[in-house]
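A.B. asks:
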Amino acid sequence: SLVDRGVWDAILNGPFVPKITENGVDVLKPISRWTVEESRKAQFDVRARNIISSRSNP
Numbered sequence: 002s003l004v005d006r007g008v009w010d011a012i013l014n015g016p017f018v019p020k021i022t023e024n025g026v027d028v029l030k031p032i033s034r035w036t037v038e039e040s041r042k043a044q045f046d047v048r049a050r051n052i053i054s055s056r057s058n059p
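First residue of the sequence shown? That's 2 in the working numbering, and the numbers climb one at a time after it.
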């Protein structure tokens, strides 16, 4: 499913960190300016972290 693919991508590619360029420097993009797609990718990251932490704690 799309959710499974998004979570798997998050596991393989590491955390998704939206950035913007200001004055020639990449900086973190404020959450209030995230697109729907950026929010969705961030949610996949959270799910991936939850899966990893729940599997690594006996």
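Positions of the beta carbon are idealized from the N, C-alpha and C atoms, including for glycine.
Treat the numbers as computed from the prediction; the structure is a model and nothing was measured.
Could you please give the first and the last residue of the uninterrupted beta strand (DSSP E) stretch that includes residue 20?
C.D. replies: Position 19 of the sequence shown, counted from the start, is the residue given in the question as residue 20. Per DSSP, residue 20 belongs to the beta strand (DSSP E) from 20-23.
A.B. asks: Rounded to whole angstroms, what's the CA-CA distance from residue 23 to residue 30? Just pull it up for me.
C.D. replies: Mapped onto the sequence shown, residue 23 falls at position 22. Mapped onto the sequence shown, residue 30 falls at position 29. Computed Cα separation, rounded: 10 Å.
A.B. asks: If we count the other Cβ atoms within 10 Å of its Cβ and call it buried at 16 or more, is residue 46 buried or exposed?
C.D. replies: Working through the sequence shown from its first residue, we reach residue 46 at position 45. Flag for residue 46 reads buried.
A.B. asks: Please tell me whether residue 16 and residue 39 are closer than 8 Å, where the distance is taken between their beta carbons.
C.D. replies: On the sequence shown, residue 16 is found 15 positions in, with the first residue counted as 1. On the sequence shown, residue 39 is found 38 positions in, with the first residue counted as 1. Against a cut-off of 8 Å, the Cβ pair of residue 39 and residue 16 comes out as no contact.
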